[in-house]
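Take a look at the structure set out below.
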Amino acid sequence: MRAEELREKLAAPLQLRNGMRLPSRAVMAPMEGLMNSPRFFRAVQALGLAEFWMTPFLGLSKNAVPTPAALRRKYKGYLAENIPFFLQYLGHDPEAAAEGVLHAAQAGIRGVNFNFACPSRTVLKSGSGGAVLLDPSLVEKILLAARKAVPEMCISVKMRIGVRSFSECASLLSAMKNADVDLVICHARTVEENYSPLPEEEKRKRMSFAAEKAGKIPFFGNGDIRDEKTAALYMESGCDGVAVARGLLQDPWILRRLRGEESPPPEAARKRFLEEFGKLLSGKQGAGTFAECVKLAYGEDSPQFRTCLEAFRGNRRSPANT
Ligand SMILES: Cc1cc2nc3c(=O)[nH]c(=O)nc-3n(C[C@H](O)[C@H](O)[C@H](O)COP(=O)(O)O)c2cc1C
Numbered sequence: 002m003r004a005e006e007l008r009e010k011l012a013a014p015l016q017l018r019n020g021m022r023l024p025s026r027a028v029m030a031p032m033e034g035l036m037n038s039p040r041f042f043r044a045v046q047a048l049g050l051a052e053f054w055m056t057p058f059l060g061l062s063k064n065a066v067p068t069p070a071a072l073r074r075k076y077k078g079y080l081a082e083n084i085p086f087f088l089q090y091l092g093h094d095p096e097a098a099a100e101g102v103l104h105a106a107q108a109g110i111r112g113v114n115f116n117f118a119c120p121s122r123t124v125l126k127s128g129s130g131g132a133v134l135l136d137p138s139l140v141e142k143i144l145l146a147a148r149k150a151v152p153e154m155c156i157s158v159k160m161r162i163g164v165r166s167f168s169e170c171a172s173l174l175s176a177m178k179n180a181d182v183d184l185v186i187c188h189a190r191t192v193e194e195n196y197s198p199l200p201e202e203e204k205r206k207r208m209s210f211a212a213e214k215a216g217k218i219p220f221f222g223n224g225d226i227r228d229e230k231t232a233a234l235y236m237e238s239g240c241d242g243v244a245v246a247r248g249l250l251q252d253p254w255i256l257r258r259l260r261g262e263e264s265p266p267p268e269a270a271r272k273r274f275l276e277e278f279g280k281l282l283s284g285k286q287g288a289g290t291f292a293e294c295v296k297l298a299y300g301e302d303s304p305q306f307r308t309c310l311e312a313f314r315g316n317r318r319s320p321a322n323t
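Here is the structure:
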């Protein structure tokens with residue numbers, strides 16, 4: 002795909018149900034532990050790095066459905082500034098899903114996302130995240146219950162391409178079509194693969210298969226997108242957009258770069274973002290989130306991460322100077 006064509010496709014907005022509009026098709030994928038930090042949010046907003054957010058997951062179970070007031074409080078940053086976002090729920094109970102969507106609507110939230118992707122052992126044991134994909138009929142029940150509770154809600158799904166095999170996505174996407182889902186974001190790995198390396202050609206094969214099965218549902222690809230070349234692979238496979246998580250810490254300007262907007266070189270971009278984030282730091286919790294960012298941006302074995310850990314433990318040097 003020509004660079005210009007890629008940029009044009011990714012820069013195009015996407016209008017969804019309930020007035021939910023993605024300003025572009027290069028979006029940020031959620032990262033629990035980082036994106037729920039108000040400092041991370043402020044740093045990203047200050048530099049204009051993302052136009053759209055999906056929150057990290059919020060647990061949802063029969064006896065623990067967050068109230069509308071709690072949701073309003075938790076997401077006041079997005080709501081007050083009218084920033085388009087999906088509230089992501091993690092659970093496996095259809096009744097709780099219905100109540101969760103109802104409460105989201107009462108809190109003034111336009112879009113809800115269901116996490117059928119998380120490969121963490123604890124989450125899988127509880128029957129949520131990627132475990133829901135074991136049963137396409139449960140996927141359909143959850144989504145139909147949510148759809149019925151608030152028919153106008155914009156409902157999206159974040160999924161792994163299957164649990165054991167990518168071919169499982171056929172019946173899963175069929176269940177999502179039956180529930181009239183508005184958007185699917187699909188990570189190219191299976192749940193069992195967790196984060197193990199996946200050859201480019203395998204990604205292309207899988208995503209072409211899945212994009213075709215998604216039919217008319219807008220279908221975004223996710224997994225290892227680091228630059229224009231890796232984003233192009235997904236778009237050439239028939240995806241309507243891309244979602245980036247870890248790549249954002251290696252090049253915080255990546256979404257803007259993918260849309261063809263002016264952006265500093267990746268190394269300078271990373272430094273500037275971490276400086277901005279560093280300025281917002283106070284307290285151990287902020288420094289912990291910052292350390293997570295440095296780990297994702299430079300790697301666990303990097304001198305940058307080591308310096309950051311030292312600063313975190315002994316305050317030898319301010320993390321902002323890392
Ligand atoms: C630290 C971390 C936290 C994550 N938290 C979430 C989450 O809360 N919800 C979710 O759907 N995915 C979560 N993910 C998965 C990412 O959104 C994404 O699907 C995955 O990392 C693959 O994309 P990437 O290669 O661009 O990172 C998380 C990933 C990481 C590394």
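Heads up, the sequence shown is in this note's numbering, so the first residue is 2 and it goes up one at a time.
Even for Gly, the Cβ is constructed at its ideal location relative to N, Cα and C.
On a predicted model such as this, the values are computed, not experimentally measured, just so you know.
{"Asked": "Expected contact under 8 Å - CB spacing of Met2 and Ala189 to nearest Å", "Found": "With a Cβ gap of about 17 Å, Met2 and Ala189 do not count as contacting."}
{"Asked": "Beta-carbon proximity check, Leu250 vs Ala215, cutoff 8 Å", "Found": "no"}
{"Asked": "Distance between Ala4 and Ala118 (C-alpha atoms, nearest Å)", "Found": "30 Å"}
{"Asked": "Cα-Cα separation between Leu182 and Pro304, rounded to whole angstroms", "Found": "Looking at the sequence itself, residue 182 is Val, so the reference to Leu does not match. If I take the Cα positions, the gap works out to 45 Å."}
{"Asked": "Cβ-based burial, Arg318 [other Cβ within 10 Å; buried from 16]", "Found": "Note that Arg318 has pLDDT 48, beneath the 50 cutoff, so the model's placement of it is unreliable and the number below is only indicative. Exposed is the call here."}
{"Asked": "Buried or exposed by the 16-neighbour rule on C-beta atoms within 10 Å, applied to Tyr235", "Found": "buried"}
{"Asked": "Secondary structure of Arg314, DSSP reduced to three states", "Found": "helix"}
{"Asked": "Heavy atom of ligand 1 within 7 Å of Met32 beta-carbon", "Found": "yes"}
{"Asked": "Cross-strand partners of Cys155 (DSSP beta bridge)", "Found": "Gly112"}
{"Asked": "Boundaries (first-last residue) of the alpha helix (DSSP H) holding Phe220", "Found": "Here Phe220 belongs to no alpha helix (DSSP H); instead the beta strand (DSSP E) covers 220–223."}
{"Asked": "Residues near Pro137 in its chain [Cβ-Cβ closer than 6 Å; skip 5 each side]", "Found": "Ser172, Leu173, Ala176"}
{"Asked": "Contact test: His93 Cβ vs ligand 1 heavy atom, cutoff 7 Å", "Found": "no"}
{"Asked": "Contact under 8 Å by Cβ, Asn179 with Glu213", "Found": "no"}
{"Asked": "8 Å Cβ cutoff met for Ala27 and Asn223", "Found": "no"}
{"Asked": "Where Glu194 falls, given that 16 or more other Cβ within 10 Å makes a residue buried", "Found": "buried"}
{"Asked": "Sequence-distant residues of the same chain with beta carbon closer than 7 Å to Tyr79, five excluded per side", "Found": "Trp54, Phe86"}
{"Asked": "Closer than 7 Å: Gly300 CB and nearest ligand 1 heavy atom", "Found": "no"}
{"Asked": "Opening and closing residue of the alpha helix (DSSP H) in which Phe53 lies", "Found": "First-last for Phe53: undefined, no H or E at that position."}
{"Asked": "Which of helix, strand or coil DSSP assigns to Val140", "Found": "helix"}
{"Asked": "Where Arg260 falls, given that 16 or more other Cβ within 10 Å makes a residue buried", "Found": "buried"}
{"Asked": "CA nearest to the CA of Gly130, picked from Arg161, Ala71, Arg227, Asp228", "Found": "Arg161"}
{"Asked": "Validate contact between the stretch 19–26 and the stretch 265–280 using beta carbons, cut 8 Å, 3 pairs", "Found": "no"}
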